[in-house]
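Quick mapping for you: the protein sequence lines, in order, are chains H and B. In this text, residue positions in the first sequence follow UniProt numbering: the first is 1, and each later residue adds one. In this text, residue positions in the second sequence follow UniProt numbering: the first is 1, and each later residue adds one. Cβ coordinates follow ideal geometry from the N, Cα and C atoms, glycine included. Notes to accompany the following structure.
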Amino acid sequence: MDAKLQHSGNEADKTLTGKQKAMQLLGKMDLRAYTMIAALLGIWVFFSFMNEFFLSPRNLSNLFLQMSVTSILAIGMLLVIVAGHIDLSVGSIVGLTGGIAAILQVWYDWNTLPVILVTLFVGVLIGLIQGWWVAYQAVPAFIVTLGGMMMFRGVLMGISKGSTIAPLEDTFKLIGSGYIPYLMGWGLAVVAIVVIAVSQWKQRQTRKKYGFALSPLYADVIKILFYAVLIGIFVSLMNSYKGIPFPIILVLVLAILFTFIAKKTRMGRHIYAIGGNTEAARLSGINVRWRTMTVFVFSSLLASITGIVLTARVNAATIGAGTMYELDAIAACVIGGTSLMGGSGTIVGAVIGALVMASLDNGMSIMNMENFWQFIVKGGVLILAVWFDMYSRRKKTA
Amino acid sequence: MRYALEMKGITKEFPGVKALDNVQLNVKKGEIHALCGENGAGKSTLIKILSGLYPSGSYEGECLIHGKPQSFSSIRDAETAGIAIIYQELALVSEMTVAENIVLGAEPSRKGVIDWDQVTHDVQRWLAEVGLKNINPQEKIRNLGVGQQQLVEIAKALSKKAEILLLDEPTASLTDSEVEILMGILQELRKRGVTCLYISHKLNEVFRIADTITVLRDGQTVSTRPTSQMTEDQVIAQMVGRELTDRFPKSKRSPGEVLLSVQDYSVYEPGTKSKKVDRISFEIRKGEILGIAGLMGAGRTELVTSLFGGYPGKSDGEVWMDGKNIRIQSPKDAIRLGIALVTENRKETGLILGMDIRQNLSLAHLDRLHRGGVLQENEEVSLAEQYSQELRVKAPSLETVVGTLSGGNQQKVVIGKWLMTQPRLLILDEPTRGIDVGAKYEIYQIMNRLAEKGISIVMVSSELPEILGMSDRILVMHEGRFTAELSHEEATQENIMYAATGGQ
Numbered sequence: 001m002d003a004k005l006q007h008s009g010n011e012a013d014k015t016l017t018g019k020q021k022a023m024q025l026l027g028k029m030d031l032r033a034y035t036m037i038a039a040l041l042g043i044w045v046f047f048s049f050m051n052e053f054f055l056s057p058r059n060l061s062n063l064f065l066q067m068s069v070t071s072i073l074a075i076g077m078l079l080v081i082v083a084g085h086i087d088l089s090v091g092s093i094v095g096l097t098g099g100i101a102a103i104l105q106v107w108y109d110w111n112t113l114p115v116i117l118v119t120l121f122v123g124v125l126i127g128l129i130q131g132w133w134v135a136y137q138a139v140p141a142f143i144v145t146l147g148g149m150m151m152f153r154g155v156l157m158g159i160s161k162g163s164t165i166a167p168l169e170d171t172f173k174l175i176g177s178g179y180i181p182y183l184m185g186w187g188l189a190v191v192a193i194v195v196i197a198v199s200q201w202k203q204r205q206t207r208k209k210y211g212f213a214l215s216p217l218y219a220d221v222i223k224i225l226f227y228a229v230l231i232g233i234f235v236s237l238m239n240s241y242k243g244i245p246f247p248i249i250l251v252l253v254l255a256i257l258f259t260f261i262a263k264k265t266r267m268g269r270h271i272y273a274i275g276g277n278t279e280a281a282r283l284s285g286i287n288v289r290w291r292t293m294t295v296f297v298f299s300s301l302l303a304s305i306t307g308i309v310l311t312a313r314v315n316a317a318t319i320g321a322g323t324m325y326e327l328d329a330i331a332a333c334v335i336g337g338t339s340l341m342g343g344s345g346t347i348v349g350a351v352i353g354a355l356v357m358a359s360l361d362n363g364m365s366i367m368n369m370e371n372f373w374q375f376i377v378k379g380g381v382l383i384l385a386v387w388f389d390m391y392s393r394r395k396k397t398a
Numbered sequence: 001m002r003y004a005l006e007m008k009g010i011t012k013e014f015p016g017v018k019a020l021d022n023v024q025l026n027v028k029k030g031e032i033h034a035l036c037g038e039n040g041a042g043k044s045t046l047i048k049i050l051s052g053l054y055p056s057g058s059y060e061g062e063c064l065i066h067g068k069p070q071s072f073s074s075i076r077d078a079e080t081a082g083i084a085i086i087y088q089e090l091a092l093v094s095e096m097t098v099a100e101n102i103v104l105g106a107e108p109s110r111k112g113v114i115d116w117d118q119v120t121h122d123v124q125r126w127l128a129e130v131g132l133k134n135i136n137p138q139e140k141i142r143n144l145g146v147g148q149q150q151l152v153e154i155a156k157a158l159s160k161k162a163e164i165l166l167l168d169e170p171t172a173s174l175t176d177s178e179v180e181i182l183m184g185i186l187q188e189l190r191k192r193g194v195t196c197l198y199i200s201h202k203l204n205e206v207f208r209i210a211d212t213i214t215v216l217r218d219g220q221t222v223s224t225r226p227t228s229q230m231t232e233d234q235v236i237a238q239m240v241g242r243e244l245t246d247r248f249p250k251s252k253r254s255p256g257e258v259l260l261s262v263q264d265y266s267v268y269e270p271g272t273k274s275k276k277v278d279r280i281s282f283e284i285r286k287g288e289i290l291g292i293a294g295l296m297g298a299g300r301t302e303l304v305t306s307l308f309g310g311y312p313g314k315s316d317g318e319v320w321m322d323g324k325n326i327r328i329q330s331p332k333d334a335i336r337l338g339i340a341l342v343t344e345n346r347k348e349t350g351l352i353l354g355m356d357i358r359q360n361l362s363l364a365h366l367d368r369l370h371r372g373g374v375l376q377e378n379e380e381v382s383l384a385e386q387y388s389q390e391l392r393v394k395a396p397s398l399e400t401v402v403g404t405l406s407g408g409n410q411q412k413v414v415i416g417k418w419l420m421t422q423p424r425l426l427i428l429d430e431p432t433r434g435i436d437v438g439a440k441y442e443i444y445q446i447m448n449r450l451a452e453k454g455i456s457i458v459m460v461s462s463e464l465p466e467i468l469g470m471s472d473r474i475l476v477m478h479e480g481r482f483t484a485e486l487s488h489e490e491a492t493q494e495n496i497m498y499a500a501t502g503g504q
């Protein structure tokens, strides 16, 4: 008998009840992402009970600003972890590239654009060097990036002569602390909704062309409306304070871009395959070394972007900038459901993980809890998140 | 007659498989007793029961040591009863010294503090017993040769007052002179009354040293007889002697012209000069199924993996395809030339277990499934659907994670992955290992269909019936060389086994 596969099960859909259809629709999206979002909402509800200002537009705007640095790092870290490695150097790279940017602008009077380009170039270069050691010389990533973590911090101390470098030009500061004006914000929202609608429609057309089963039209419409409402709420919230913070736009663009790379490109598939089973990937004709190096280039590039954003936001480069950020990024990935064994994890999860961490920080500080509590609570949440994940998976297999 | 070791009516079942079926084993005190059988006959399972790795209660039957019934629930229990095992893969800690290894887990100590003087004293005595007087007990294990390490293992066993030694393929990685030393020491131990259970498929060794031979086949005891009443041919016949029923679909095909020709091909172990494959030559025709038989460790996997560009060690020799000299440096080169390799171990080297069926199927074909780096997902899904239907993969959907599939379905996914690359030469390394009879039959049918289409197939297999049933031509490999080339008509289980065990 032929194995009947669901893709051709067009007729079967018609006999499903409404409830089953809804389940099917939900099931297609990542179930773990829902648990994450539920946990995040839980944290928000808790803090809004404890302090009414938590959900105010002003505080939410702040919260998103705070999460942006960890989020960008977490995107790069996610790719590294998925490929089965780790990058401990990103915090130092943030400091070093931020320092280089500030030195070029403050000491040498460079314009903002060339400063950014050179800084990003340094990021790529660092990634190439570290990636080469890991991929082609087979030195464990833990060691290479631990060494990098120390060395880049040392370089930063050397070139900055231990001083704080400030202030930067207004154009540079915009990257970290600019807001999208009111009308432009709504403009972006409309563009985003149109893009979502068009891509849904295009997807329908190609699925039709290949003769695959289509979800009912109303389901697609509901999906688009859902996103439209979400975007609308977000923009109006941000606009009722100062507008959308620019770093948030950057996070969204990078998250979408890298989700596309991870899910829709050959390179992304290769990275997941390498992390899932390196030997099988190699014997399937995948250039494991090249891909591994690429992953480290991405991670360092994103760290240099973070360096620029951070320097722009605090309007200064210091020798301590970015210290311990790698651990925040790793924690964000792990809270977001990424396995440190490699092969699994999503960028959306990592970004939500970063949001969870930022929410805990923010919520506890507006509750006027002392600083030390933040470390204790965040550490506890990290362990609980992983425990819960493993526990639920064990239950599923048992 | 007192037996050192008796096993009565041992039956051990795994889900879907009876690994041991009412096995009887009687080993006399102070003898060297050989246990022979094909790969998968149940030897390893038997050892795991004896060693306590499968605790009592997980199997049926009875184990007696010196007439006393035993119920081992752990390895330690077995050790206490005087059983020690020398594994095929050495179980020594290579960064520790000889002395530390010998006493590992049983260090003489006072209040938790190890008495190293006592250790050195004892260790020297045991080393002398296995002919390693000249070894410094403070030498690290990794500085010793494989043969010496094997002897250290035996010394370790003796130190635990072992009266029954289980040796599982002890000579698999030894040189000839090391084998000599080992044989001498086993004879020495026999004089002292130590009982040995010697597991090997090297029959010449078995006949040299064993007093008694027990043959296992398909989890059952075939016979136990003194070596003097047996011949090598009889043992081989007993090892393989099962009826060949119609388990292999017949197909009519006539191989065409030569597709691939390999000349003087050698493969070296990574980082060394030792040859895993030694100057072999062969060719394969279009639409031909070429079987490569041999025992484990004969170099078959190294040969095919190296031809595919996936073996870490160096190789030399020439490979010709369609009359053109080709050089394959990586699996990518091989795929481009239309060569595919279904590896021996699907879980370790074939599949990404956490990915779904679609992603696994397309993995080797991604280079032709993208436009500017962006995957053509619809194309991918329709190809995946096509191959999973063609191979009858039984799963709820293409989104099913392959780790949850049965062995047979996993194997079909691996084969599908390679068929998607549209190979001209398909190499299958142990294609039916660990899968049930029904799935085996389906895989044989797939092979016949492909051969009829003109695809050349190389099948490496340790299962003789499958080699005999499916191959147009059979090459037998022994220690890196071909020791026989047999046509489908002239091949028998006996002459393959004879060549595989080293007879020319």
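task: Starting from the beta carbon of Arg207/H, find every residue of chain B whose beta carbon is closer than 8 Å, and list them in chain order.
output: Counting from 1 along the first sequence, the entry for residue 207/H is found at position 207. Chain B residues near Arg207/H: Asn378.
message: Give me, in chain order, the residues of the same chain whose beta-carbon lies closer than 7 Å to that of Leu186/B; leave out the 5 immediate sequence neighbours on both sides.
response: Along the second sequence, one-based indexing puts residue 186/B at 186. Cβ within range, chain order: Ile32, Cys196, Ile209.
- request: Using three-state DSSP, classify Ile457/B as helix, strand or coil.
  value: Counted from its first residue, the second sequence places residue 457/B at position 457. Three-state result, Ile457/B: strand.
message: Between His478/B and Ala491/B, how many whole angstroms is the CB-CB distance? I'm expecting something under 8 Å.
response: Numbered from its first residue, the second sequence carries residue 478/B at position 478. Numbered from its first residue, the second sequence carries residue 491/B at position 491. No, His478/B and Ala491/B are not in contact; Cβ-Cβ is about 15 Å, not under 8 Å.
field: chain H contact for Ser382/B (CB, 8 Å cutoff)
entry: If you number the second sequence from 1, residue 382/B lands on position 382. It does; some Cβ of chain H falls within 8 Å.
query: Do the CB positions of Glu288/B and Arg481/B come within less than 8 Å of each other?
result: As a first step, residue 288/B must be located in the second sequence, where it is residue number 288. As a first step, residue 481/B must be located in the second sequence, where it is residue number 481. Contact flag unset, no.
query: Do the stretch 338-357 of chain H and the stretch 115-126 of chain H touch if we need at least three Cβ pairs shorter than 8 Å?
result: no
task: Residues of the stretch 209-225 of chain H with a CB closer than 9 Å to any CB of chain B: list them in chain order, please.
output: Lys209, Tyr210, Gly211, Phe212
field: Under 8 Å by beta carbon: chain B residues contacting Met150/H
entry: Indexing the first sequence from 1 puts residue 150/H at position 150. The contacting residues do not exist; Met150/H stays about 27 Å from chain B at best.
message: To the nearest angstrom, how far is the alpha carbon of Val413/B from that of Gly211/H?
response: Locating residue 413/B in the second sequence gives position 413, counting from the first residue. Locating residue 211/H in the first sequence gives position 211, counting from the first residue. Here the alpha carbon of Val413/B sits roughly 23 Å from the alpha carbon of Gly211/H.
task: Identify every residue that forms a DSSP beta bridge with Met7/B.
output: Stepping through the second sequence from its first residue, residue 7/B is reached at position 7. For Met7/B, which the question treats as bridged, DSSP gives the partners Leu25/B, Cys63/B.
query: Can you name, in chain order, every residue of its own chain whose Cβ lies under 8 Å from the Cβ of Ala155/B, other than the five neighbours on each side?
result: For this step, residue 155/B is matched to residue 155 along the second sequence. Result list for Ala155/B: Ile102, Val123, Trp126, Leu127, Glu129, Val130, Leu132, in chain order.
query: On the three-pair Cβ rule with 8 Å, is the stretch 314-328 of chain B touching the stretch 292-299 of chain B?
result: Taking 8 Å as the limit for Cβ pairs, the verdict is that the stretch 292-299 of chain B does not touch the stretch 314-328 of chain B.
- prompt: Excluding the five sequence neighbours on either side, which residues of its own chain have a C-beta within less than 6 Å of the C-beta of Lys209/H, listed in chain order?
  reply: Within the first sequence, residue 209/H is the residue found at index 209, counting from 1. In its chain, beyond the 5 residues on either side, no residue has a beta carbon closer than 6 Å to the beta carbon of Lys209/H.
- request: Can you grab the Cα-Cα spacing for the pair Val295/H / Ser339/H, in whole Å?
  value: As a first step, residue 295/H is located in the first sequence; it is residue number 295 there, counting from the start. As a first step, residue 339/H is located in the first sequence; it is residue number 339 there, counting from the start. The straight-line gap from Cα to Cα measures roughly 17 Å.
Sequence-distant residues of the same chain with beta carbon closer than 7 Å to Thr171/B, five excluded per side: Walking along the second sequence from the start, residue 171/B turns up at place 171. Around Thr171/B, the same chain offers Val179, Leu182, Ser200, Lys202, Glu205 as residues with beta carbons nearer than 7 Å, after the five sequence neighbours per side are excluded.
message: Looking at the secondary structure, which residues open and close the alpha helix (DSSP H) in which Trp110/H lies?
response: Within the first sequence, numbered from 1, the residue matching residue 110/H stands at position 110. No alpha helix (DSSP H) holds Trp110/H; DSSP gives it neither H nor E.
Touching by the beta-carbon criterion (3+ pairs, under 8 Å), the stretch 303-316 of chain H and the stretch 164-171 of chain H: yes
query: With burial defined as no fewer than 16 other Cβ atoms inside 10 Å of the residue's Cβ, what is the status of Thr404/B: buried or exposed?
result: Indexing the second sequence from 1 puts residue 404/B at position 404. Thr404/B is classed as exposed because its beta carbon has fewer than 16 other beta carbons within 10 Å across all chains shown.
field: Host alpha helix (DSSP H) of Leu475/B (start-end)
entry: Here residue 475/B is taken as the residue at index 475 of the second sequence, counted from 1. Per DSSP, Leu475/B belongs to no alpha helix (DSSP H); it is in the beta strand (DSSP E), 473-478.
- request: Show which residues of chain B have a CB atom less than 7 Å away from the CB atom of Glu279/H.
  value: Here residue 279/H refers to the residue found at position 279 of the first sequence. Going along chain B in sequence order, the residues near Glu279/H (Cβ under 7 Å) are Glu348, Thr349.
message: Beta-carbon within less than 6 Å of Phe298/H's beta-carbon, same chain only, minus the 5 sequence neighbours each way: which residues are those?
response: By one-based count along the first sequence, residue 298/H stands at place 298. Excluding sequence neighbours, Phe298/H sits near Gly76, Leu79.
query: Does any residue of chain B bring its CB to less than 8 Å from the CB of Arg291/H?
result: Taking the first residue of the first sequence as 1, we reach residue 291/H at position 291. Not an interface residue.
task: Could I get the ranges of all uninterrupted beta strand (DSSP E) runs contained in the stretch 367-437 of chain B, with 3 residues as the minimum, in chain order?
output: 425-429
- prompt: Helix, strand or coil for Gly185/H per DSSP?
  reply: The residue labelled residue 185/H in the question sits at position 185 within the first sequence. Helix, per DSSP.
field: Residue nearest to Ala346/H in terms of C-alpha spacing, selected from Leu384/H, Leu302/H, Ile256/H
entry: Along the first sequence, one-based indexing puts residue 346/H at 346. The amino acid at residue 346/H is misidentified as Ala; the sequence shows Thr. Ranked by Cα distance from Thr346/H, the options Leu384/H, Leu302/H, Ile256/H are led by Ile256/H.
Sufficient close CB pairs (3 or more, under 8 Å) joining the stretch 302-321 of chain B to the stretch 257-265 of chain B: yes
query: Rounded to the nearest angstrom, how far is the Cβ of Met239/B from that of Glu38/B, given a contact under 8 Å?
result: Within the second sequence, numbered from 1, the residue matching residue 239/B stands at position 239. Within the second sequence, numbered from 1, the residue matching residue 38/B stands at position 38. Contact flag correct, Cβ pair sits at about 6 Å.
- request: Could you list the residues in the stretch 320-340 of chain H with a C-beta less than 7 Å from some C-beta on chain B, going in chain order?
  value: none
- prompt: Which residues in chain B sit within 9 Å of Met157/H, going by Cβ to Cβ distance?
  reply: Numbered from 1 along the first sequence, position 157 holds the residue referred to as residue 157/H. Chain B residues near Met157/H: none, gap ~38 Å exceeds 9 Å.
field: Limits of the unbroken beta strand (DSSP E) element including Lys156/B
entry: On the second sequence, position 156 is the one that residue 156/B refers to. Per DSSP, Lys156/B belongs to no beta strand (DSSP E); it is in the alpha helix (DSSP H), 146-159.
- request: Measure the Cβ-Cβ separation of Gly243/H and Ile180/H and say whether it is below 8 Å.
  value: Taking the first sequence and counting its residues from 1, one reaches residue 243/H at position 243. Taking the first sequence and counting its residues from 1, one reaches residue 180/H at position 180. Yes, they are a contact pair.
field: Given Ile86/H as reference, the closest of Gly343/H, Asn368/H, Leu63/H, Met369/H once Cα atoms are compared
entry: Reading the first sequence from its first residue, position 86 is the one you call residue 86/H. For Ile86/H, the nearest C-alpha among the options comes from Gly343/H.
CB of Glu430/B within 8 Å of CB of Ser471/B, strictly: Within the second sequence, the letter at position 430 stands for residue 430/B. Within the second sequence, the letter at position 471 stands for residue 471/B. Pairing Glu430/B with Ser471/B gives a Cβ-Cβ distance that is not under 8 Å.
- request: Compare the C-beta of Val460/B with all C-beta atoms of chain H and state if any pair is closer than 8 Å.
  value: Counted from its first residue, the second sequence places residue 460/B at position 460. Not closer than 8 Å to any Cβ of chain H, the Cβ of Val460/B fails to qualify, so no.
query: How many angstroms separate the CA atom of Asp2/H from the CA atom of Ser240/H?
result: Taking the first sequence and counting its residues from 1, the one referred to as residue 2/H is at position 2. Taking the first sequence and counting its residues from 1, the one referred to as residue 240/H is at position 240. Caution applies to Asp2/H, whose pLDDT of 39 falls short of 50 and renders its modelled position unreliable; the value that the coordinates give is listed next. One C-alpha to the other measures close to 59 Å.
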